[in-house]
Each structure stands twice: as structure tokens, then as C-alpha cells.
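Before any comments, here is the structure.
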Amino acid sequence: MTPTADLSALIAKSDMLDTATLTADGVRDALINISRVQAWVDSHKLALSRRLQQLKNASASVVPEQIMARACSVTRTEAARDCRRAHILDLLPQLEQAFDSGHISAAHIDAAARTFVHLSDNERMQLATRDDWLAKVACRATPDNFGRAVKQTVGRLRADDGVGLLDRQRRAAWLRHWVDRDSGMVCLRGEFDPESGLHLVGRLQHQIDQLAHGPTPDTCVDGQIKHDHLNALGLVALISRHAAGGPADISSANARAEVSVIVDYRTLASGIHAQSVLHTGTGIDIPIETVRRIACTAQIIPVVLGTEGVVLDMGRATRLASKHQRRALEAMYTTCAIPDCTTPIAQCHPHHIQFWAMGGNTDLNNLVPLCGLHHRCVHEGGWKLHLSQSNRQLSVQEPGQHGTKTSLSGQIHHAHAT
Numbered sequence: 181m182t183p184t185a186d187l188s189a190l191i192a193k194s195d196m197l198d199t200a201t202l203t204a205d206g207v208r209d210a211l212i213n214i215s216r217v218q219a220w221v222d223s224h225k226l227a228l229s230r231r232l233q234q235l236k237n238a239s240a241s242v243v244p245e246q247i248m249a250r251a252c253s254v255t256r257t258e259a260a261r262d263c264r265r266a267h268i269l270d271l272l273p274q275l276e277q278a279f280d281s282g283h284i285s286a287a288h289i290d291a292a293a294r295t296f297v298h299l300s301d302n303e304r305m306q307l308a309t310r311d312d313w314l315a316k317v318a319c320r321a322t323p324d325n326f327g328r329a330v331k332q333t334v335g336r337l338r339a340d341d342g343v344g345l346l347d348r349q350r351r352a353a354w355l356r357h358w359v360d361r362d363s364g365m366v367c368l369r370g371e372f373d374p375e376s377g378l379h380l381v382g383r384l385q386h387q388i389d390q391l392a393h394g395p396t397p398d399t400c401v402d403g404q405i406k407h408d409h410l411n412a413l414g415l416v417a418l419i420s421r422h423a424a425g426g427p428a429d430i431s432s433a434n435a436r437a438e439v440s441v442i443v444d445y446r447t448l449a450s451g452i453h454a455q456s457v458l459h460t461g462t463g464i465d466i467p468i469e470t471v472r473r474i475a476c477t478a479q480i481i482p483v484v485l486g487t488e489g490v491v492l493d494m495g496r497a498t499r500l501a502s503k504h505q506r507r508a509l510e511a512m513y514t515t516c517a518i519p520d521c522t523t524p525i526a527q528c529h530p531h532h533i534q535f536w537a538m539g540g541n542t543d544l545n546n547l548v549p550l551c552g553l554h555h556r557c558v559h560e561g562g563w564k565l566h567l568s569q570s571n572r573q574l575s576v577q578e579p580g581q582h583g584t585k586t587s588l589s590g591q592i593h594h595a596h597a598t
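Quick note, our numbering runs 180 ahead of the 1-based positions in the sequence shown.
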């Protein structure tokens with residue numbers, strides 16, 4: 181952790197900054213300094229939350245989340261997250277050591293906590309035996325990638341490949357609706373087991389795609405608000421169509437798949453292993469046994485790259501990527517191709533590295549998935565992209581920056597336990 185004297189210097193330096201004159205590099209340096217101050221704050225909040233837990237054990241009148249929420253002017257949810265960090269680190273002392281030394285941030289702890297809260301006591305103790313390995317992974321990974329590594333480790337630890345968990349999740353599903361008194365809007369909130377959620381999200385995305393390819397609704401605005409608005413319209417349209425007796429299932433082999441499940445053959449045949457590839461592109465995890473059961477249904481179609489009869493390269497024949505090319509991109513990417521972007525592949529669109537208007541082909545070697553934000557950065561923000569033809573390494577050159585960011589997002593990476 182940064183010494184107090186150094187923190188004082190960092191704070192003084194930040195106070196003297198003229199933010200209006202900072203370049204992108206200057207802003208980046210200032211944020212690094214602030215993150216060091218934030219790490220000091222998070223470390224002390226961790227110690228104080230532990231003390232509150234001790235006081236709670238001695239007296240039922242002490243409610244740690246309530247005290248932290250009021251003292252820090254945060255929500256109870258944020259306060260509960262801060263308290264949860266102490267519980268996680270009690271099980272993972274090596275991870276706490278990495279946190280104290282400044283090699284990881286509180287976001288890494290929160291990434292682990294999101295998985296830990298769904299584990300049984302026995303599973304938590306099993307995962308705690310991997311403490312040293314988890315700490316090493318955390319020191320080398322972004323919080324999002326570390327969270328995925330924790331999930332993968334849990335998947336390998338579960339002898340039943342997650343079926344037991346799926347049963348528990350089915351029993352825990354719920355949905356609530358209410359009317360907001362201020363706005364008069366009808367609100368929905370719920371949780372669904374991964375299998376049901378996968379079908380729900382798939383059908384919803386299919387409906388949204390239909391809306392997106394038609395005339396833009398007059399009620400839509402630009403940016404993320406448009407995406408959220410289409411989500412709402414898609415849900416209403418989906419329910420209305422079903423209530424009116426519309427088609428509930430995809431029955432044609434030529435119809436667009438509502439969901440793609442990406443799984444390697446060895447996992448499908450023999451179960452989870454150290455090199456397993458198993459994802460849906462939506463962030464929803466389903467156990468391999470469930471994949472085997474539903475793999476032959478019309479709603480979920482397996483993806484195979486390079487299969488004879490499937491044309492993956494379309495040349496100049498069309499501007500839009502085919503459904504086969506989209507599935508191929510889903511098999512190679514789980515998120516937006518830009519380094520460190522965590523937007524799920526299901527929310528991305530194929531982008532031509534060499535623009536279509538400038539002669540670029542609609543071929544896989546000229547396509548990467550980009551989220552809406554980074555798509556605009558490329559077309560309106562002047563970002564330059566280069567895709568290596570040998571290993572699909574993507575290089576990103578931002579305007580005014582001397583260096584480039586690179587990513588091998590086109591290859592599925594795995595966290596290996598030893």
C-alpha cells in the first residue's frame with residue numbers, strides 16, 4: 181500500500197492540476213495517481229468493515245451495512261459490497277496480500293465475490309485451496325478476466341458439471357413488477373436460471389434484431405438509451421406476438437438462430453476440462469449436461485468453424501455479414517474485439533477493418549465484432565484498426581497516441597489451474 185507521505189504528495193499534485201489543459205496522456209497519469217489514493221481508501225475501508233463485523237458479533241444492534249451506508253453516503257447495496265470484500269479475503273489471504281501490496285484493486289475482489297456469493301460452503305472451501313493460484317492470476321489479469329477465471333475454476337471443481345447448481349437456480353427464480361409512483365412507469369425486476377434466461381435473452385435479441393432492421397421507431401434516441409429502449413419494445417412485441425398466437429419456436433433450418441452455444445468437441449463429448457471452451461456470447465453460463473440435452477433442439481444450434489458447405493468468405497457480393505460469419509465470430513470472440521472492452525458479443529456488430537465503402541470485403545479476415553461505442557470511435561473518432569492475418573491480433577491506434585493497444589481476442593483464452 182502507498183505510504184501516507186506519498187499519498188499526501190499525490191493529493192497535493194492532483195489539487196494543482198489544470199484539468200482543462202491535460203492531454204490524454206496527462207489524464208491517464210492523473211488517473212493512475214488517483215487510483216493509488218483510492219487503493220489506500222479501499223484498504224482502510226476494508227479494515228473498518230472488519231471491525232464492524234466484530235462489533236456485530238458482540239452486539240446484534242450493530243448493522244455494518246447500515247453504518248457504512250450512512251457514514252459514506254452510499255446505497256445499502258454498495259455498503260454490502262464493501263462488507264463482502266472482507267468475507268472473501270478471509271478465505272483468500274494470498275489475494276488479500278496482493279491487494280495490500282497494490283498489485284490488484286478492489287474491483288478484483290468484487291469480481292471474485294460475484295461468483296462466491298453463489299457457492300455452497302463446501303465449494304467456497306474448495307476454491308480457497310486455490311488461493312495462491314487465484315492471487316497470481318489476479319495480478320496478471322483485468323478484473324473482468326479474473327472474474328471469468330474464477331468462474332472457470334469453479335466449473336472444473338464441480339463434479340456434476342453444474343447440474344446441481346442449475347437445479348438450485350431454477351428453484352430460486354423470481355419475477356416482481358410494480359408501478360413507480362413518481363414516473364407512473366411499470367417496472368420489472370427478476371432473476372432466472374441460466375437455461376431459462378438463455379432462451380429468454382435469445383428470443384428477446386431475435387425480436388430486437390427485427391426491430392433494428394425495420395424503420396426506427398419515432399420514440400428512439402441515439403446511444404445506449406436507444407439500445408435499452410429497443411430492449412423494452414422487443415419484450416413488449418415478443419409477449420404481444422405470443423399472446424396473439426404467433427410462432428413460438430424457430431422451425432426452419434434456415435431461420436436465424438436465437439442463441440449460439442460455443443463448445444469444443446472434447447467438452448461436449450467428455451465434460452469440462454482445463455482447455456474447455458463453453459460460452460453463449462451473452463454472459464450466461466449453462467452446464468455442459470444441459471448443453472448436451474438441448475443441443476439438438478431448434479432453438480440452439482452448435483457452431484462449427486470451417487465446415488464444408490458453409491461459405492465463410494463472401495467477398496464483395498454483400499455488405500452485411502452472413503449468419504454463418506456471425507456465428508464464426510461468436511465462436512472466436514466472447515466480447516467486443518477492442519482490448520479490455522467487456523461488452524458481450526451478442527451486443528456487438530461485425531465491423532469491416534477495411535471499410536466496405538473503400539473496397540473492403542465481407543470476409544472473416546476483414547471482420548471483427550465491435551460494440552456501439554467502439555464502432556463510433558472507429559468511424560467518427562478516427563481510431564485505426566489493423567487485424568493480423570496470421571493470428572487475428574488486433575492493433576488499435578487512437579488519434580494523438582504514439583503507441584498501440586493490441587489484443588488476441590480472436591482466440592479463446594483459458595485460465596489454467598495447477
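Even glycine gets a Cβ: it sits at the ideal position worked out from N, Cα and C. Nothing here was measured: the structure is a model prediction, and the numbers come from that model.
Inset, instruction - Taking THR640 as part of the beta strand (DSSP E), name the residues at either end of that continuous run. - result: Absent from the model: residue 640. The displayed extent of the chain is 181 to 598, so no value can be given.
Inset, instruction - Report yes or no: do three or more beta-carbon pairs, one from the region 195-214 and one from the region 254-268, lie closer than 8 Å? - result: no
Legend entry - Candidates VAL317, ARG250, ASN571 and LEU574: closest to ALA292 by CA position: Here residue 292 corresponds to residue number 112 of the sequence shown, with the count starting at 1. Comparing Cα-Cα distances from ALA292 to each of VAL317, ARG250, ASN571 and LEU574, the minimum goes to VAL317.
Legend entry - Selected residue, minimal CA-CA separation from LEU337, among HIS566, GLY451 and ASP186: As a working mapping, residue 337 is identified with position 157 in the sequence shown. Comparing Cα positions, the closest option is GLY451.
Inset, instruction - Tell whether a beta-carbon distance below 8 Å holds between VAL600 and LEU565. - result: No answer is possible for residue 600: it lies beyond the span of the chain, which begins at 181 and ends at 598.
Legend entry - At least three beta-carbon pairs within less than 8 Å, the region 532-541 to the region 502-515: no
Legend entry - Supposed contact pair GLN274 and ALA238 - C-beta distance, whole angstroms, cut 8 Å: Along the sequence shown, read from residue 1 onward, the residue named residue 238 stands at position 58. Along the sequence shown, read from residue 1 onward, the residue named residue 274 stands at position 94. At roughly 29 Å, the Cβ-Cβ gap does not stay under 8 Å, so ALA238 and GLN274 are not in contact.
Legend entry - Sequence-distant residues of the same chain with beta carbon closer than 8 Å to ILE464, five excluded per side: Walking along the sequence shown from the start, residue 464 turns up at place 284. Once the five neighbours on either side are set aside, the close Cβ partners of ILE464 are PRO374, GLY377, LEU378 and VAL381.
Legend entry - Proximity of ARG126 and GLY327 at Cβ, strictly below 8 Å: Because the chain spans 181 through 598 in this model, residue 126 falls outside it and cannot be assessed.
Legend entry - Local Cβ density within 10 Å of THR257, reported as buried at 16 or more and exposed below that: For the purposes of this step, residue 257 is taken as the residue at position 77 of the sequence shown. THR257 is exposed by the Cβ-count criterion.
Legend entry - Identity of the residue in ALA219, ASN302 and ALA227 nearest ALA287 by Cα: On the sequence shown, position 107 is the one that residue 287 refers to. Ranking the options by Cα distance to ALA287, first place goes to ALA219.
Inset, instruction - Pick helix, strand or coil for GLY370, following the three-state DSSP scheme. - result: By one-based count along the sequence shown, residue 370 stands at place 190. Reduced to three states, the DSSP call for GLY370 is strand.
Legend entry - Sufficient close CB pairs (3 or more, under 8 Å) joining the region 383-398 to the region 407-415: yes
Legend entry - Endpoints, alpha helix (DSSP H) assigned at PRO323: Residue mapping note: residue 323 aligns to position 143 of the sequence shown, counting from 1. PRO323 -> alpha helix (DSSP H) spans 323-337.
Legend entry - Continuous alpha helix (DSSP H) assignments of at least 4 residues falling wholly in the region 520-563: 552-559
Inset, instruction - State yes or no: is the C-beta of HIS532 within less than 8 Å of the C-beta of HIS555? - result: Here the question's residue 532 lines up with position 352 in the sequence shown. Here the question's residue 555 lines up with position 375 in the sequence shown. Contact: no.
Legend entry - Distance between PRO579 and GLY561 (C-alpha atoms, nearest Å): Here residue 561 refers to the residue found at position 381 of the sequence shown. Here residue 579 refers to the residue found at position 399 of the sequence shown. Going from the Cα of GLY561 to the Cα of PRO579 covers about 8 Å.
Legend entry - 4 or more residues per run - each alpha helix (DSSP H) lying fully within the region 195-245: 204-238
Inset, instruction - Say whether the region 299-312 touches the region 246-260, bearing in mind that this needs 3 or more beta-carbon pairs closer than 8 Å, one atom from each stretch. - result: no
Legend entry - SER420 versus PHE296 - alpha carbon distance: If you number the sequence shown from 1, residue 420 lands on position 240. If you number the sequence shown from 1, residue 296 lands on position 116. Cα to Cα, the separation comes out at about 38 Å.
Legend entry - Span separating the alpha-carbon of PHE279 from that of THR542: What you label residue 279 is simply residue 99 of the sequence shown in a count that begins at 1. What you label residue 542 is simply residue 362 of the sequence shown in a count that begins at 1. PHE279 and THR542 have their C-alpha atoms some 46 Å from each other.
Legend entry - Minimum Cβ-Cβ distance from ASP389 to chain B less than 8 Å: You won't find chain B in this structure, because it holds only one protein chain.
Inset, instruction - Could you say which of THR333, GLN573, ARG356 and HIS224 lies nearest to PRO519 if we only look at CA atoms? - result: Sequence index remark: in the sequence shown, residue 519 carries index 339 (1-based). Among THR333, GLN573, ARG356 and HIS224, the Cα nearest to that of PRO519 is on GLN573.
Inset, instruction - Please say whether LEU458 and THR447 have beta carbons closer to each other than 8 Å? - result: Here residue 447 refers to the residue found at position 267 of the sequence shown. Here residue 458 refers to the residue found at position 278 of the sequence shown. Result yes, Cβ atoms of THR447 and LEU458 sit closer than 8 Å.
Inset, instruction - Could you check if THR333 is buried or exposed, using at least 16 other CB atoms within 10 Å of its CB as the buried criterion? - result: Numbered from its first residue, the sequence shown carries residue 333 at position 153. Burial call: buried.
Legend entry - Backbone secondary structure at GLN577 - three-state DSSP: On the sequence shown, position 397 is the one that residue 577 refers to. In this structure, GLN577 counts as strand in the three-state DSSP scheme.
Legend entry - Buried or exposed (CB count within 10 angstroms, at least 16 for buried), GLU371: Sequence index remark: in the sequence shown, residue 371 carries index 191 (1-based). Under this definition GLU371 is an exposed residue.
Legend entry - Neighbour-count burial assignment, LEU272, 16 or more Cβ in a 10 Å radius: Counting from one through the sequence shown, the residue named residue 272 turns up at place 92. Counting Cβ neighbours within 10 Å, LEU272 comes out buried, since at least 16 surround it.
Inset, instruction - Determine which residues share a DSSP beta bridge with HIS566 and list them. - result: In the sequence shown, residue 566 corresponds to position 386, counting from 1. HIS566 is bridged to SER575.
Inset, instruction - Could you check what DSSP says for ILE419 in three-state terms: helix, strand or coil? - result: For the purposes of this step, residue 419 is identified with residue 239 of the sequence shown, where counting begins at 1. Looking at ILE419 - three-state DSSP - the assignment turns out to be helix.
Inset, instruction - Check ILE268 in the structure and name its three-state DSSP category. - result: As a first step, residue 268 must be located in the sequence shown, where it is residue number 88. Helix.
Legend entry - Residues of its chain near ASN546, where Cβ-Cβ distance is below 7 Å and the 5 sequence neighbours each way are ignored: Within the sequence shown, residue 546 is the residue found at index 366, counting from 1. For ASN546, where only same-chain residues beyond five positions count, the Cβ hits under 7 Å are HIS532, ILE533, GLN534 and GLY540.
Inset, instruction - Could you check the C-alpha separation between TRP358 and CYS367 for me, to the nearest Å? - result: For this step, residue 358 is matched to residue 178 along the sequence shown. For this step, residue 367 is matched to residue 187 along the sequence shown. Their backbone Cα atoms lie some 5 Å apart in a straight line.
Legend entry - Status (buried if at least 16 other CB within 10 Å, exposed otherwise) for LYS193: Translated into the one-based positions of the sequence shown, residue 193 becomes position 13. Classification of LYS193: exposed, given that the 10 Å Cβ count is below 16.
Legend entry - Contact under 8 Å by Cβ, ALA204 with GLN581: Taking the first residue of the sequence shown as position 1, residue 204 is located at position 24. Taking the first residue of the sequence shown as position 1, residue 581 is located at position 401. Taking 8 Å as the Cβ cut-off, ALA204 and GLN581 qualify as a contacting pair.
Inset, instruction - Out of ASP324, ARG320, ALA189 and ARG231, state which residue places its alpha-carbon closest to the alpha-carbon of CYS521. - result: Residue numbering aside, residue 521 sits at position 341 when the sequence shown is read from its first letter. Looking at the Cα atoms, ASP324 is the closest of the given residues.
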